[in-house]
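Undergrad:
Protein chains in written order, with the numbering used here: chain Z, 1 to 611; chain B, 1 to 476.
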């Protein structure tokens, strides 16, 4: 009798073991539930087509072309002819083997997932692969679109699209591995508009990974929604022309339509080669190691000393503060002497009034003006006067981000009283101590975008619209802040006084001393101001800002060329050629155009080579 | 004797268990091969349609056993049936159809059947026949041999058919023998052998030897009533043995090179055992001899594991065992079935995915899912709750068989009842254990649930002969 009970106890004990294992598998462990989903449902992502970027005239700047990604489901891969596979895609068999080692290491995590094996293979490679696909179980091709660029220009402006990485996914969980995202430029700032919405097909598969059927006849499938197009303010031809002019030069050109704040061209040179943009990952190392830093968008990031073009701001502030009038004259004896020091100037007739000072770019005139601004009796201390000056400068957009729709825009630099308190000690500095600010040197840094905005502000006689790159279109509405006039703290009545000087600088007769005579184009009434900013590293930087025509200006431009020399020699012709191109559509000064395109100034730029 | 008179004596709990299980089997076969095109559960072109026919015929057979056939024929026919089935088992080795490398199926026209399935019944009847003889004593050599032959003959034939899994079921008869007087030490010895086998493979022969040593020390301790003393002596020795390999390299004696630590361990243990035998000489002589025999044979087993594993087992069996023990991980080869099966069961969760909603089983992730791996479908679609219910019914069925067997006055019925319980137990434990990765993959069906006429019929006959015999207990 006892043996019966032992046997029954044994049976129940074995039953208990089975139940415990059931509990373990069904209740305790999650891994099997997850595996099961991977097992049976196959979500085939349908990637949307990214929206187009059009230029202001409706030309396609950024389009799409078909490419293919090669996907791999590691668990389904059988032995295959690696060499054959590598020949198709031009791969190194060792790399392929390495990749498979990695898959093996993470096989538990990968499970039944498909991974991207190769990105953006060409149509030819794709068709060869498809023919031989039966030889490579576990591999498949997915059609993706990649970008193409009908205008061979604007790489830095448009930015690039790349596959999201693990870091990005962590911060933006709505993205999945394999998705593309705009990583810089317009692609980045208008990602939400351009990206569209992914769709998917839900398929059920059986053990051999044969697609068994569409889940519920596709009732839960979702179509991809194509991204919306954006209409850029850029003029594709102008952008392209500007880049041609800027080739082999380091610097930037920014063109703005003053009446709207729309950016017509935004050039940073040297930039990313547009041919490499669509497949930037392949060239990434090369680009990053380029000593001229093509990824660095000088137009919105580089804080340059503005040089003499900043005299316009000081002149306007002087007029507003009442410390000068258009008739005020200062003499210049090859410079401005203060204490035992001298800030030099070039040879020109003296004394000058406001117009002449702008036309001939007299340094002494602005030293006197700036001194008068800072030593204005209205203000109890020089600090107060300086703060007032600073506030007025900022009203032109300097020393802060303008707030354009371009990512990575930087604010430049503008010193504060505490900057000088730190350098010289509190109350230990005077107007003469900071006198280089009068001519746009010293502790001030402005981006080319700031300078173009200055040109637009003067063109508008006292206000600007925040420069922006995208227009209203059926699909997108731009932020209302781009439609507000931003007035400076200088009264609009003062602007025509400096414009006269700018006009003279370009259009004065030979021998009159105009600094920007190379910018002159008959009939266009270009008004401009040159600058030659000191660069501690090598030759001076050439600067020029201008707008045209004088009345109802259509375009305002800033050109900034590093280590080029005189602003009037290099920056003024380039800016004026762009004005001519934009306004006339053709160039009358073929020789100048040829010289500008062919001259290389890049060798003047000292670079720190990476070791 | 009218039928109404008899029906009252039928053990309804067993019959209800039976009906419940075949019903569960049927709907799960339906679920596991279900597809939209053949959505009728009576579709005869599909397995569930066929199973429906098997069920109907099985019920007819059950009815015939209960109401048409005399209970007396079984004890009379047991020897001829046994002989006939053994002949079939033998014949099928040469005449059978080869399926997956084994020759165990007869194919006669459209019908195919497996003699190994019937042999469970014939062996059970024959065991009941010889062991219920008045003069039978299990302790007597002649009777013990006849029992051993009765079990081992069909077992050997089935192994020759390369149906090792089915042969393993016969090991279950050891529980019957235990009930009928065999010492419990044999079962313990069997369990210990399995343990040693597993430890030798999964850890190392040295670990197996240490465990062996400790077990024998404990057994001897319990037997002599000096457990503490034995442990105090054995544990340090065991610890010493465990560090033998590191000592080995530490001392680095020239003449020890080439001598494996296991050999040294065995030498120490044997010396230890001989010392014990010397001290206890004369007292409890038989016990000491048995213990020493067990120790020596177990050591022999440990050293032959490698040989058995590499030479005797077939590659697929080796792979299945290695996979179970986690020695190798091959989710696509040998481990594939079990891995998929665990995924299917595990994904069921508490309440399951619902009837026909199991994605794993429906799309053939689990091979053999309507036959050997039918439990996956239960696990996936009915969850923990449903699986426990099914296991509980099996446990009830088996214990009920034991309880009913014990209340028999007729030895034949009791022994036969235990045989039935043993067969059910082995099948259920091995099959469900296999689907959950507790037991190596052994291809035997889950009684009454798995698809297949042979299996369903034979378990029906096996069970209903007992129910029929049980009806006669009133007579005495």
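Even for Gly, the Cβ is constructed at its ideal location relative to N, Cα and C.
Note that the coordinates shown come from a computational prediction; the quantities given were computed from them, not determined experimentally.
1) Would you decide whether residue 379 (chain B) is buried or exposed? Buried here means 16 or more other CB atoms lie within 10 Å of its CB.
2) Output the boundary residues of the alpha helix (DSSP H) element that contains residue 251 (chain Z).
3) Hey, does residue 15 (chain Z) have any beta-carbon neighbour from chain B nearer than 8 Å?
4) What residue does the beta strand (DSSP E) around residue 68 (chain Z) start on, and which one ends it?
5) Unbroken beta strand (DSSP E) runs of length 3 or more, entirely within the segment 536 to 605 of chain Z: which are they?
6) Are the Cβ atoms of residue 58 (chain B) and residue 371 (chain B) separated by less than 8 Å?
7) Looking at C-alpha atoms only, which residue of B:402, B:122, B:116, B:97 is the closest neighbour of residue 110 (chain B)?
8) Looking at the secondary structure, which residues open and close the alpha helix (DSSP H) in which residue 42 (chain B) lies?
9) What does residue 3 (chain Z) touch in chain B if you count any residue whose Cβ is under 7 Å from its own?
10) Using a Cβ cut-off of 7 Å, pull out every chain Z residue sitting near residue 429 (chain B), in sequence order please.
11) Within 8 Å of any Cβ in chain B, is that where the Cβ of residue 104 (chain Z) sits?
12) So which of Z:154, Z:182, Z:77 has the shortest CA-CA distance to residue 135 (chain Z)?
13) Quick one: using the 10 Å Cβ neighbour count with 16 as the cut-off for buried, is residue 348 (chain B) buried or exposed?
14) Between the segment 334 to 349 of chain B and chain Z, which residues of the former have a C-beta closer than 8 Å to a C-beta of the latter?
15) Note down, in chain order, every chain B residue with its Cβ under 7 Å from the Cβ of residue 19 (chain Z).
16) At what residue ranges does the segment 327 to 355 of chain Z contain a whole run of the beta strand (DSSP E), taking only runs of 3 or more?
17) For residue 176 (chain B), is the classification buried or exposed, using 16 other Cβ atoms within 10 angstroms of its Cβ as the cut-off for buried?
18) Under 9 Å between beta-carbons, which chain C residues line up against residue 8 (chain Z)? List them in chain order, please.
19) Spatial neighbours of residue 513 (chain Z) within its chain, please: C-beta separation below 7 Å, excluding the five flanking residues on both sides.
20) Residues of the segment 432 to 459 of chain B with a CB closer than 7 Å to any CB of chain Z: list them in chain order, please.
21) Can you find a C-beta in chain B that's less than 8 Å from the C-beta of residue 613 (chain Z)?
22) DSSP on residue 432 (chain Z), reduced to helix/strand/coil?
23) Please check the pair residue 265 (chain Z) and residue 235 (chain Z), which I expect to be a contact at CB under 8 Å, by giving their CB distance rounded to whole angstroms.
24) Just the chain B side, please: which residues come within less than 7 Å of residue 11 (chain Z) by C-beta, in chain order?
25) Identify whether residue 479 (chain B) lies in helix, strand or coil by the three-state DSSP scheme.
26) Return the chain-ordered list of same chain residues with a C-beta closer than 8 Å to the C-beta of residue 82 (chain Z), the five sequence neighbours on each side being excluded.
27) Using the rule of at least 16 other Cβ atoms within 10 Å of the residue's Cβ for burial, across every protein chain shown, is residue 325 (chain Z) buried or exposed?
28) Taking just the CA atoms, how far does residue 407 (chain B) sit from residue 25 (chain Z)?
29) So with Cβ pairs under 8 Å, would you call residue 276 (chain Z) a contact of chain B?
30) Taking residue 383 (chain B) as the query, report the chain Z residues whose CB atoms sit under 7 Å from its CB, ordered along the chain.
31) Of all Cβ atoms in chain B, is any one closer than 8 Å to the Cβ of residue 22 (chain Z)?
32) Return yes when the Cβ of residue 414 (chain Z) is within less than 8 Å of the Cβ of residue 396 (chain Z), no when it is not.
33) Near residue 559 (chain Z), what residues of its chain come up, given a Cβ to Cβ distance below 6 Å and the 5 sequence neighbours on each side ignored?
34) So the beta strand (DSSP E) residue 120 (chain Z) belongs to, where does it begin and stop?
35) Out of curiosity, what's the CA-to-CA distance linking residue 255 (chain Z) and residue 332 (chain Z)?
36) Let me know if residue 16 (chain B) comes out buried or exposed under the rule of 16 or more other beta-carbons within 10 Å of its beta-carbon.
TA: Result, derived from the coordinates:
1) Taking the first residue of the second chain as 1, we reach residue 379 (chain B) at position 379. Buried is the call here.
2) Numbered from its first residue, the first chain carries residue 251 (chain Z) at position 251. That residue, residue 251 (chain Z), is in no alpha helix (DSSP H); its beta strand (DSSP E) goes 251 to 257.
3) For the purposes of this step, residue 15 (chain Z) is taken as the residue at position 15 of the first chain. Chain B, which has a Cβ nearer than 8 Å to the Cβ of residue 15 (chain Z), makes this yes.
4) As a first step, residue 68 (chain Z) must be located in the first chain, where it is residue number 68. First-last of the beta strand (DSSP E) with residue 68 (chain Z): 60 to 72.
5) 541 to 548, 555 to 561
6) Taking the second chain and counting its residues from 1, one reaches residue 58 (chain B) at position 58. Taking the second chain and counting its residues from 1, one reaches residue 371 (chain B) at position 371. No. Outside cutoff.
7) Start at 1 with the first residue of the second chain, and residue 110 (chain B) comes out as number 110. Nearest C-alpha to residue 110 (chain B): B:97.
8) Taking the first residue of the second chain as 1, we reach residue 42 (chain B) at position 42. Note, residue 42 (chain B): premise wrong, no alpha helix (DSSP H); not H, not E.
9) If you number the first chain from 1, residue 3 (chain Z) lands on position 3. Result: 178, 179.
10) In the second chain, the residue the question calls residue 429 (chain B) occupies position 429. At a C-beta separation below 7 Å, residue 429 (chain B) has these neighbours in chain Z: 14.
11) Position 104 of the first chain, counted from the first residue, corresponds to residue 104 (chain Z). Output row for residue 104 (chain Z): interface = no.
12) Position 135 of the first chain, counted from the start, is the residue given in the question as residue 135 (chain Z). Nearest option by C-alpha distance: Z:77.
13) Reading the second chain from its first residue, position 348 is the one you call residue 348 (chain B). That one is buried.
14) 340, 342, 343, 344, 345, 346, 347, 348, 349
15) For the purposes of this step, residue 19 (chain Z) is identified with residue 19 of the first chain, where counting begins at 1. Near residue 19 (chain Z) (Cβ distances below 7 Å), the residues of chain B are 388, 391.
16) Within the segment 327 to 355 of chain Z, the beta strand (DSSP E) runs of at least 3 residues that lie entirely inside it are, in chain order, 335 to 338, 341 to 344.
17) Here residue 176 (chain B) corresponds to residue number 176 of the second chain, with the count starting at 1. Residue 176 (chain B) should be labelled buried.
18) This model lacks chain C altogether; the protein chains it does include are Z and B.
19) Locating residue 513 (chain Z) in the first chain gives position 513, counting from the first residue. Cβ within range, chain order: 348, 349, 359, 360.
20) 432, 433, 436, 438
21) The first residue shown for chain Z is 1 and the last is 611, placing residue 613 (chain Z) beyond what the model contains.
22) The count along the first chain starts at 1 and reaches residue 432 (chain Z) at position 432. In the structure shown, residue 432 (chain Z) sits in a helix (DSSP, three-state: H, G or I).
23) Counting from 1 along the first chain, the entry for residue 265 (chain Z) is found at position 265. Counting from 1 along the first chain, the entry for residue 235 (chain Z) is found at position 235. With a Cβ gap of about 6 Å, residue 265 (chain Z) and residue 235 (chain Z) count as contacting.
24) Numbered from 1 along the first chain, position 11 holds the residue referred to as residue 11 (chain Z). Residues of chain B passing the Cβ test: 395, 398, 399, 425.
25) What is shown of chain B runs 1 to 476, which leaves residue 479 (chain B) out entirely.
26) The residue labelled residue 82 (chain Z) in the question sits at position 82 within the first chain. Answer for residue 82 (chain Z): 93, 96, 97, listed in chain order.
27) Along the first chain, one-based indexing puts residue 325 (chain Z) at 325. Answer is exposed; the Cβ neighbour count stays below 16.
28) If you number the first chain from 1, residue 25 (chain Z) lands on position 25. If you number the second chain from 1, residue 407 (chain B) lands on position 407. Going from the Cα of residue 25 (chain Z) to the Cα of residue 407 (chain B) covers about 39 Å.
29) Taking the first chain and counting its residues from 1, the one referred to as residue 276 (chain Z) is at position 276. It does not: the Cβ of residue 276 (chain Z) has no partner Cβ on chain B nearer than 8 Å.
30) Looking up residue 383 (chain B) in the second chain gives position 383. Under the 7 Å cutoff, chain Z gives 26.
31) Looking up residue 22 (chain Z) in the first chain gives position 22. Judged by the 8 Å Cβ criterion, residue 22 (chain Z) is in contact with chain B.
32) Translated into the one-based positions of the first chain, residue 396 (chain Z) becomes position 396. Translated into the one-based positions of the first chain, residue 414 (chain Z) becomes position 414. Going by C-beta atoms, residue 396 (chain Z) is not nearer than 8 Å to residue 414 (chain Z).
33) Mapped onto the first chain, residue 559 (chain Z) falls at position 559. Result list for residue 559 (chain Z): 253, 544, 571, 574, 575, in chain order.
34) By one-based count along the first chain, residue 120 (chain Z) stands at place 120. Taken as a continuous stretch (DSSP letters only), the beta strand (DSSP E) holding residue 120 (chain Z) covers 115 to 121.
35) On the first chain, residue 255 (chain Z) is found 255 positions in, with the first residue counted as 1. On the first chain, residue 332 (chain Z) is found 332 positions in, with the first residue counted as 1. The alpha-carbon atoms of residue 255 (chain Z) and residue 332 (chain Z) are separated by roughly 34 Å.
36) By one-based count along the second chain, residue 16 (chain B) stands at place 16. Answer is exposed; the Cβ neighbour count stays below 16.
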